[in-house]
Structure formats: structure tokens, C-alpha cells
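**Student:** Residue numbers (my numbering), protein chains in the order written: chain A, 1 to 345; chain B, 1001 to 1216.
So, in C-alpha cells, the structure goes:
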């Protein structure tokens, strides 16, 4: 008996923190008195006051709080069946209610989970924010079904209702909504409602989550002005300095001299070389000057061909981008944002 | 004054026609040096003169026309020889058979004043030309022509007549070009004076030209 009393104190002490989610202060005065009695470990009083509060006019939140207080108080007084019944009412009133196992005693937590397994609710319906091009992504949806049930998940906007999934499931469910109509078009923009309906024999439960779907134009790809990593090469190059001009001038002048000497008539004697000397001298000086001059740039054939290839590639790539942009301009970028926490009945 | 105006008008006409037809034309004056020998070593003449040249190029075709007028004086000091003026006209057209070679055909004519101071000669020239670029705007060309069907003012024939030489064209600045040309002509003339049998009366001439030209 003494050991039992210690365990009871431990259980109550752990439970004193009450719900994990720190609900707002109760509005009903009787419920506030019941909570005070529980904090003072006066469980009999807490039970009486909580039951009385439930006969009074209360908000849904206060009702769930009152049943939860009953569940804790019955747990403290070892009335496990009654505790489970009280927790079931709590769960039905507030399906997302949860206990923090770090603060609540395992005894109470186990009774709470026992109650969860005996009711059919859809808990913790969450729709994640998503942004994607229509037809190329989806909106993640997840929720928990406490008992095996046929679950139908739909997206509803006005008179439009799209079935997302229908299956017999229990536990945590992950779904993906492609946000497409039956014909493959993106869903119209608007405030959609994700509705999850669970049915098991005579029991039904549904939860919903509003989601705002908006449309936006898909970003287009800018055209390229160069291929990254492939710069154009200079199309001219400076040839190395050479003696070719002087050599050519010497060759042509020499050729003319040899030709003149060869053609000269023996009977006419040696002809004057004045003309050849003057013109040949001019040619040799010109050749020498050309040799000393910095060579002018000449076309670099390899680089020209490379650049042509590069520009062809660039044109082809930009043509592909143009085609891609035409497709992108027809596409719609969808954004889905959940509007407020899920509710359910 | 009227002659200068005529030259300017001709140059303007050539420039307009060249621009319209996408033909490259150069035209300009030349200073000439000339040596002339005939029959024997005693008949040697040398002199200077002036001239003008016009070249045109369109695609693979090119053409040249050169006129030179020089006063030639005897070099031996022989008082029995007289000076004369030689006016030589060379015209030819060429077709490029390769980037460095062309074949050409044209005429050459040298007239002498006063008559019979030396031989006037006319012939058809057929030959080839090879050219090379010395550098940007500078071209050297070597030519060798056979002078066919020569005609002489003093009669006779010439089974072998050749003309060879080279030309240099350098772009000095913008449209201004500098030109230099050398040509050596050997004509193996044979005559039969008084029907006593053929005798050799060869002619050889070397002509050097330096000039400026404007390109259009």
C-alpha cells in the first residue's frame, strides 16, 4: 500500500504538467477549479468538478481539456477503463492531441495510446508547401489513421472533386498529389481543400486541410553568347619573321641578271646593266625592308575552323533553347501553400 | 593645260569604271632608263625618259598597258650617230592559271623618231608570268615572253626574239603604290640587203622603269 502510494505520487507528479501542447487557460470556471484540484493532488475533487464542468456549456477546447483531465485523474486512481474512455472522448474532440512522453508518465501515455487504438480518427493531416512545373512534380500529403479503415483522399475546389487516393490503410500515410486534372492539365488556381475520409464499418471520420494553389509563368532559359569553357580563339596569327622577302627579291633579280647575260648577243657586246642595277637595287632594298618589317597578321586557318564550329554549336544550342522556351512558355508553375492547421470530425 | 585636264578626266573615268565593275586599277607616271644596241657594239645608245602605266585586275584576269618615251643618245661619242626618241608601247592581258602563275598575250611596239635612226619594231608577245608576295602589299613578278611575228621598219625577220624581266609593286601608303620594272629584249633580226644573203642585225634593249601609281 505504501509502495502503491509512492507510484501514484510519481504518476501524478509526472502528469502534473498535463498536456504536451500547453493549451490556453480554461475558460470554464468549474474546469479551472477541477484543474486546480488536480494540481493539489485532490483527484476525487478533480473528478467531481470535471464531470460537473462537462454538464455545463463549454467550448470544444474546454471539453477536450475536461475529458483529458478525467483521463489523467482516472489513471491516477487506477480506473483504467474509465481513463481510456475519457481519453477516447478527448481524441474524438481533438484528434491531433498528443502527450509528451518525456513529461507524462508511461502509465498514462500507454492508456492514451490504448484509447487511440480504439477510435477511428485521421490525425496530423499535413500538406507541405511545394512549387513545381505542372506535370513535373507533386504536393506531399501525409496523415495518420488510428485504426484500419478505407481512406479516400480528395482535392476539392467548388464543384470540382479530384480523387487523390483510395486505399485500406492504418498508421502513417504518405501521398503525392500531382495537382493535375483528369485530362492532364494543371489544376486551376484557387483555395483547394484536401479532404481525407476514413470509413470502418459504421465509423467515419474526415479531416481537411485548405491549400492555396497559385499559377505563375515558368522561367525561360536565357540565350547563350558563348559556350562556357570554350572561348573563341584569335583568327589571325603573326607569322615568325623570315628572310623570305629578301630571298625572293634576290632570286628575282638574280634570275633577271642570269637571263640578261644569257640572252645577250655576242656580236653586240656586253649590254649596259644600268637599268637592271637600279631596278634590282630597288627590289633588293624592298625585300630587305620587308624582311625587317614586323609581319602582318595572317589568317589562322585552324582557329577559324574551330571558331566556326564553336559558332555553329552556339547557334544550335540557342535553337534548342528557343524550342525549350517555347515549351516553357506553355507550361505553368504551380505553388501550393497550406493555409491553416488541419481540422476533422 | 588642256592635256593635264584630259589626263585627270581619264583618271577619273577609270576610277569610276573600276569602282563600278569591282576592278582594281592602278595608274601612274614613270621615270624610264633605257639602253639600246643594234647591229654591232658600235651602235649603242642610252637615255632616260618618262612614261605611264595602267594595270587592271578583275578576278583571274589582269591587264597592263605601259607607254615609255625616252631620248636615246649614242654612248660612243661617234658624231655620225644621231640621237633619237623611242616610244615604246607594251600592252598585254594575263589569266591566272594558279595563285602564283599566269599566262599572257599582248603586243609590243617601239617607234623611232626620226625614222630610220633606229629600227622600229612591232611584235606579238606570248608568255608566262610568275609572281610572289614579298609581304603585305608588295608583289614581285617575273615574266618571260616570246616575241612572235616581229615587224621592222627596215625589213628583215627575227626567228628568235625574247623579252624577260621582272616588276615590283609596293603599296606605300593607302592608295599610293611604288612600282619598279626591268625588261630585257633580245631580237635576233636578220636582213637580206640587196639580196646578197642574210646578215645578222640583232637588236637588244634594256628598259628600267620607276614610278608611282594610284590604286582605285
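The beta carbon of each residue, even a glycine, is placed where N, CA and C say it ideally should be.
Computed from a prediction, not measured in an experiment: that's the story for all the values here.
#1: I want to verify the contact list: residues of chain B whose CB lies under 9 Å from the CB of residue 274 of chain A, in sequence order.
#2: Can you have a look at residue 166 of chain A and say buried or exposed, based on whether 16 or more other CB atoms are within 10 angstroms of its CB?
#3: Helix, strand or coil for residue 43 of chain A, going by three-state DSSP, please let me know.
#4: Taking C-beta to C-beta, are residue 1026 of chain B and residue 1055 of chain B nearer than 8 Å?
#5: Does the Cβ-Cβ distance between residue 282 of chain A and residue 1033 of chain B come in under 8 Å?
#6: Please return the same chain residues whose Cβ sits closer than 8 Å to the Cβ of residue 210 of chain A, not counting the five positions on each side in sequence.
#7: State buried or exposed for residue 1092 of chain B, treating a residue as buried only when at least 16 other CB atoms are found within 10 Å of its CB.
#8: Mind checking residue 296 of chain A: buried by the 16 CB within 10 Å criterion, or exposed?
#9: Between the region 145 to 159 of chain A and the region 224 to 244 of chain A, do three or more beta carbon pairs fall short of 8 Å?
#10: In angstroms with no decimal places, state the Cα-to-Cα distance between residue 1180 of chain B and residue 247 of chain A.
#11: According to DSSP, simplified to helix, strand and coil, what is residue 6 of chain A?
#12: Please name the residue in A:329, A:37, A:77 whose C-alpha comes closest to that of residue 222 of chain A.
#13: Does the beta carbon of residue 1202 of chain B come closer than 8 Å to any beta carbon on chain A?
#14: Under three-state DSSP, which class holds residue 48 of chain A?
#15: Got a sec, what are the start and stop residues for the alpha helix (DSSP H) residue 1100 of chain B sits in?
#16: By how many angstroms is the C-alpha of residue 77 of chain A removed from the C-alpha of residue 336 of chain A?
#17: Among all the DSSP beta bridges, which residues are the ones paired with residue 1190 of chain B?
#18: Kindly list, in the order they appear in chain B, the residues whose Cβ is closer than 7 Å to that of residue 249 of chain A.
#19: Could you name the residues of chain B that residue 268 of chain A contacts, counting a contact when the two beta carbons are closer than 7 Å?
#20: Since I believe residue 1148 of chain B is in contact with residue 1126 of chain B (beta carbons under 8 Å), could you give me their beta-carbon distance rounded to a whole number of angstroms?
#21: What's the gap between the Cα of residue 1109 of chain B and the Cα of residue 1070 of chain B?
#22: Using 8 Å as the threshold, is the C-beta distance between residue 173 of chain A and residue 142 of chain A below it?
#23: Identify whether residue 237 of chain A lies in helix, strand or coil by the three-state DSSP scheme.
**Tutor:** Well, looking at it:
#1: Within 9 Å Cβ-Cβ: 1033, 1035, 1046, 1206, 1208.
#2: Burial is judged here by how many other beta carbons sit within 10 angstroms of a residue's own beta carbon; residue 166 of chain A has fewer than 16 and is exposed.
#3: Assigned with DSSP and collapsed to three states, residue 43 of chain A falls in helix.
#4: Yes, they are a contact pair.
#5: 8 Å or more divides the Cβ of residue 282 of chain A from the Cβ of residue 1033 of chain B.
#6: 191, 192, 193, 194, 338, 339, 340, listed in sequence order.
#7: Its Cβ being crowded by 16 or more others within 10 Å, residue 1092 of chain B is buried.
#8: The residue in question, residue 296 of chain A, is exposed, as its Cβ has fewer than 16 Cβ neighbours within 10 Å.
#9: Short answer: they don't touch.
#10: C-alpha separation (whole angstroms): 18 Å.
#11: Residue placement at residue 6 of chain A is flagged as unreliable, the pLDDT there being 41, under the threshold of 50; a coordinate-derived value is accordingly withheld.
#12: Looking at the Cα atoms, A:329 is the closest of the given residues.
#13: Closer than 8 Å: yes.
#14: Helix, per DSSP.
#15: Per DSSP, residue 1100 of chain B lies in no alpha helix (DSSP H) segment and is marked neither H nor E.
#16: Here the alpha carbon of residue 336 of chain A sits roughly 48 Å from the alpha carbon of residue 77 of chain A.
#17: According to DSSP, which records beta bridges pairwise, residue 1190 of chain B is partnered with B:1157, B:1200.
#18: The CB of residue 249 of chain A comes closer than 7 Å to the CB of 1134, 1140 in chain B, given here in chain order.
#19: Correct list: 1037, 1040, 1041, 1202, 1204.
#20: With a Cβ gap of about 6 Å, residue 1126 of chain B and residue 1148 of chain B count as contacting.
#21: When rounded, the distance between both Cα atoms is 14 Å.
#22: Yes, Cβ-Cβ distance for residue 173 of chain A and residue 142 of chain A is below 8 Å.
#23: Secondary structure at residue 237 of chain A: strand, using DSSP grouped into helix, strand and coil.
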